[in-house]
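Read through the structure below, which is laid out as structure tokens, and then see the notes.
Number of protein chains: 2
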Amino acid sequence: MVIINGGVTAPKGFTAAGTACGIKKDGKKDLAIVCSEHTATAAGVFTTNVVKGHSLQLTLEHIKDHCAKAVVVNSGNANACIGEQGLKDAKEITALTADILQCKPENILFNSTGVIGQALDMDALRLGIPKAASSLSENGSCDAAQAILTTDLITKEIAVELAINGEKVRIGGMAKGSGMIHPNMATMIGIVTTDANLPPLLLEKALKAAVKTSFNRVSVDGDTSVCDMVVMLANGAVAHTPIQSEEAAFKAFTEALSYVCLSLSKMIAQDGEGATKLIEICAQGAASEEDAYKIVCAVAKSPLVKTAIFGEDANWGRIITAVGYSGAGFDPNAVDISIGGLTVCKNGTALPFDENKAKAILEQKEVSILIQLNEGCFSDRMFTCDFSYDYVKINGSYRS
Amino acid sequence: MVIINGGVTAPKGFTAAGTACGIKKDGKKDLAIVCSEHTATAAGVFTTNVVKGHSLQLTLEHIKDHCAKAVVVNSGNANACIGEQGLKDAKEITALTADILQCKPENILFNSTGVIGQALDMDALRLGIPKAASSLSENGSCDAAQAILTTDLITKEIAVELAINGEKVRIGGMAKGSGMIHPNMATMIGIVTTDANLPPLLLEKALKAAVKTSFNRVSVDGDTSVCDMVVMLANGAVAHTPIQSEEAAFKAFTEALSYVCLSLSKMIAQDGEGATKLIEICAQGAASEEDAYKIVCAVAKSPLVKTAIFGEDANWGRIITAVGYSGAGFDPNAVDISIGGLTVCKNGTALPFDENKAKAILEQKEVSILIQLNEGCFSDRMFTCDFSYDYVKINGSYRS
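Chains A and B, in that order, give the protein sequences. Going left to right, the first sequence walks through residues 14 to 413 as this note's numbering numbers them. Going left to right, the second sequence walks through residues 14 to 413 as this note's numbering numbers them.
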């Protein structure tokens, strides 16, 4: 597998576009379309929030047949909690897009991200959809990646190439997400494309496996949105022998897909609202898979840990405290903690350490925290970011 | 029941003291003793964190006989995660205090609050304990309330008087807690005294009931400390007919105690690190007690809700989002949300509201959020505070 330039249009047979239709008041791009030349096999992972955006609800219906031709996403408005109008508007958008792209409305997947509780600006979208559709191109992935952003500062794109049954196939992806990021679901909007050929059930299996260790292992603020989804289109544009079972080719494909998803996830954590540092939290030696997950989750969510890392303060007491209330079972007298390779706690007890060395580690842009439980053989890993003044600033005035 | 002046020394037969022994580098008070003239009945509620401070571990042993004469608390150092030395030091403190107060070491309850992972400054404490003990007085409650503070800005004290079986009895309390505050336990240090006469099991029952709706319903940052406890001493100094069963007198006593605990809890939320507002979150009409709790808990912990309130932004989308991922079961199309009495969401749908009115409500120092599920008859309530720049500032450099 090699990393190549580009994003969702790197695989054959995909085009994309991103335009400004007027939903965002500042004139920034707010409408993206990713389109496959031929109808593709589709799979998705969606928010587990009981409250779901209207656009997302429609997409949950449309993906049931495992087929899609295009994904439409608007930013600036979540189309959530506005009653019957929300579903009606979502249906109109998919019908309009299907009409232009000459497919069934059911083959359009639609999602919206932004403020909750305001009706979509349908006049803007009615003009925007044809405009975006007419500018679909193989060079449009960067525009599309820009158009799905909300409070994100950077676009998030990646593409890889690998050999499947002797032929080169590609996987490309883009994502948005900066706040309201926590697992239990897809935790953001991600769109992944591939020109590989594999049946719906294997595509779904590969996507779920990849999401589990990537998008579902990112936390910015512990809040999980009502519009989160990761969808994937596989159009089989490369004429390789199809992946038919969980053979070596499936394994290679899943690994490459996991790499794509993990790369996008780390970009999300790194670009977390107000973030100055990417934090990787690993739990090792846990008694069960569930315990390992609970521990990385509790540490990644702790505002006290996140503010300490922002302040470049090796306050590991807050880490062991979060481990302690995580709900995981463990012996507090057997826990070791290290920060960037520097052991600060051994057998649950403070270890004298060089504060200057700790400071040098914490001044880096990427900080890793390792919690060794010495209980069993299970491990987990989660990515998060630090908590800064800017997180408060960004979120104190989001609607206005 | 009437509110009276004073704190833990308002009930008969209690003295208190607070001194600066040198644990805190800035010369502020850091050692408190609350003492009963005669050995009192004792009850306590303690942290559920798997990791427990060494002082707290010893107190868990000492309270097993339901008797105590005094409570000793040092601030500035949590005496946690420092290995065998921690328990040894805690034992020396209780032995030293018992020697001076002429009781068994088991009758001394000891706790420590502050930084984790540093050994207690025993030289300071060996000089401090006799000094504090010698200044025990009926006027010492305010000094004691100061000496238990860490990042708190204000002391937290209250006292009430009520009639039990024809005699006037009093309940007094003090508390500390500003960060690392979240339920699942006592969530801070609280010391409550009374001159009422009741047996250990009833005292424990009353305290648990009071803590459930007060100290266990406060969240500042979702982090739960390793040193949290609420302990209560009842010395029976007022010669009333003892409370012997769950009769009317017990009910009146529990109600007054709940008032004391709730008042202290609200002071803690109001004084949360960096807090500018006290937020009361109510869930009503939930399908079960557990669902109601999950909902108030999720909303109280959400950094996005807390930053929105700091920014005086009526962003109720974040409230319904937190309700949605709380884990509670409910119909998203039946939820009503109001902020300070202003309904902003009805049947899960945005309601047009006057932004100026919302702004006026959010400019107040106390903001209430009501979530009506329209599912059943269970309700719950939690207090929290907003999330400000100062929370980040305070916690980015706590150790230094």
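All C-beta atoms, glycine included, are put in the ideal place defined by N, C-alpha and C. Bear in mind the structure is a predicted one, so any value in this text is a computation, not a measurement.
What does residue i touch in chain A if you count any residue whose Cβ is under 7 Å from its own?
i	result
B/Phe400	Val405
B/Thr163	Within 7 Å Cβ-Cβ: nothing; B/Thr163 doesn't reach chain A, min ~13 Å.
B/Thr427	Residue 427 of chain B lies beyond the range of chain B shown here (14 to 413); nothing can be said about it.
Does the distance from the C-beta atom of residue i to that of residue j stay below 7 Å?
i	j	result
B/Val182	B/Ala209	yes
A/Ser150	A/Thr28	yes
A/Cys358	A/Ile352	no
A/Asp304	A/Ala341	yes
B/Gly89	B/His67	no
B/Ala242	B/Ile281	Looking at the sequence itself, residue 242 of chain B is Met, so the reference to Ala does not match. Going by C-beta atoms, B/Met242 is not nearer than 7 Å to B/Ile281.
A/Ala371	A/Ala327	yes
B/Val173	B/Ile16	yes
A/Ala45	A/Ala157	yes
B/Tyr272	A/Tyr402	no
A/Ala247	A/Thr207	yes
B/Leu162	B/Lys189	yes
A/Val47	A/Ile171	no
A/Ser381	A/Gln297	no
A/Leu270	A/Ser227	no
B/Glu325	B/Glu376	yes
B/Leu133	B/Asp102	yes
Note down, in chain order, every chain B residue with its Cβ under 8 Å from the Cβ of residue i.
i	result
A/Gln131	Ala363
A/Phe343	Val63
A/Ala93	Gly330
A/Thr226	Within chain B, no residue comes near A/Thr226; the closest Cβ sits about 21 Å away, beyond 8 Å.
A/Thr254	Result: empty, since nearest Cβ-Cβ is about 43 Å, beyond 8 Å.
A/Thr52	Ordered by position in chain B, no residue passes the 8 Å Cβ test against A/Thr52, which lies about 32 Å from the chain.
Let me confirm a value: residue i is counted as buried when at least 16 other C-beta atoms fall within 10 Å, else exposed. Which label applies?
i	result
B/Arg331	buried
A/Val309	buried
B/Asp284	buried
B/Ser258	exposed
B/His51	exposed
B/Ala199	In this predicted model, B/Ala199 has a pLDDT of only 32, less than 50, meaning its place in the structure is not dependable enough to derive any value.
B/Gln159	buried
A/Lys77	exposed
B/Thr168	buried
A/Cys94	buried
A/Glu217	buried
A/Ser413	Per-residue confidence for A/Ser413 stands at a pLDDT of 44, beneath the threshold of 50, marking its modelled position as unreliable; no derived number is given.
A/Pro365	exposed
B/Cys390	exposed
B/Asp43	buried
B/Pro196	Note that B/Pro196 scores a pLDDT of 45, beneath 50, so its modelled location is shaky; the value from the coordinates is reported in the next line. Burial call: buried.
A/Arg139	exposed
A/Ala108	exposed
A/Ala23	buried
A/Leu214	exposed
A/Lys417	In this structure chain A extends from 14 to 413, so residue 417 of chain A is not present and cannot be described.
What residues of chain C sit near residue i, judged by a beta carbon separation below 8 Å?
i	result
A/Cys358	Here chain C cannot be found, since the structure's protein chains are A and B.
Who are the neighbours of residue i on chain B, taking C-beta pairs under 7 Å?
i	result
A/Thr397	Result: empty, since nearest Cβ-Cβ is about 12 Å, beyond 7 Å.
A/Thr289	Correct list: empty, because the minimum Cβ distance to chain B is about 11 Å.
May I ask you to check if the CB of residue i is nearer than 6 Å to at least one heavy atom of the ligand ZN?
i	result
B/Phe400	Questions concerning the ligand ZN fall outside what the structure shown contains, since it holds no ligand whatsoever.
Residues of chain B with CB under 9 Å from residue i, in chain order?
i	result
A/Pro213	Under the 9 Å cutoff, chain B gives no residues; its nearest Cβ is about 28 Å from A/Pro213.
A/Thr126	Those within 9 Å of A/Thr126 in chain B number zero; the least Cβ separation is about 12 Å.
A/Thr267	Ordered by position in chain B, no residue passes the 9 Å Cβ test against A/Thr267, which lies about 28 Å from the chain.
A/Thr168	Near A/Thr168 there are no residues of chain B at all, since even the closest Cβ is about 23 Å away, more than 9 Å.
Rounded to whole angstroms, how far is the Cβ of residue i from the Cβ of residue j, which I believe are closer than 8 Å?
i	j	result
B/Ala91	B/Ser125	5 Å
A/Met135	A/Glu105	7 Å
A/Phe123	A/Val85	5 Å
B/Val336	B/Val348	7 Å
B/Ile322	B/Ile292	6 Å
A/Ser20	A/Cys155	Correcting the residue type first, residue 20 of chain A is Gly in the shown sequence and not Ser. Yes, A/Gly20 and A/Cys155 are in contact; Cβ-Cβ is about 7 Å, under 8 Å.
A/Ala299	A/Glu379	So it is not a contact: roughly 23 Å between Cβ atoms.
A/Pro345	B/Pro316	Actually they are not in contact, since the Cβ atoms of A/Pro345 and B/Pro316 sit about 27 Å apart, beyond 8 Å.
Using a Cβ cut-off of 8 Å, pull out every chain A residue sitting near residue i, in sequence order please.
i	result
B/Thr206	Residues of chain A passing the Cβ test: none, with the nearest at roughly 29 Å.
Whole beta strand (DSSP E) runs in the stretch 266 to 339 of chain B with 3 or more residues, listed along the chain?
You should have 291 to 299.
Can you give, in chain order, each stretch of the beta strand (DSSP E) that sits fully within the stretch 154 to 204 of chain B and has at least 3 residues?
169 to 177, 180 to 189
Could you tell me which whole beta strand (DSSP E) segments of length 3 or greater appear in the stretch 63 to 107 of chain B?
80 to 90
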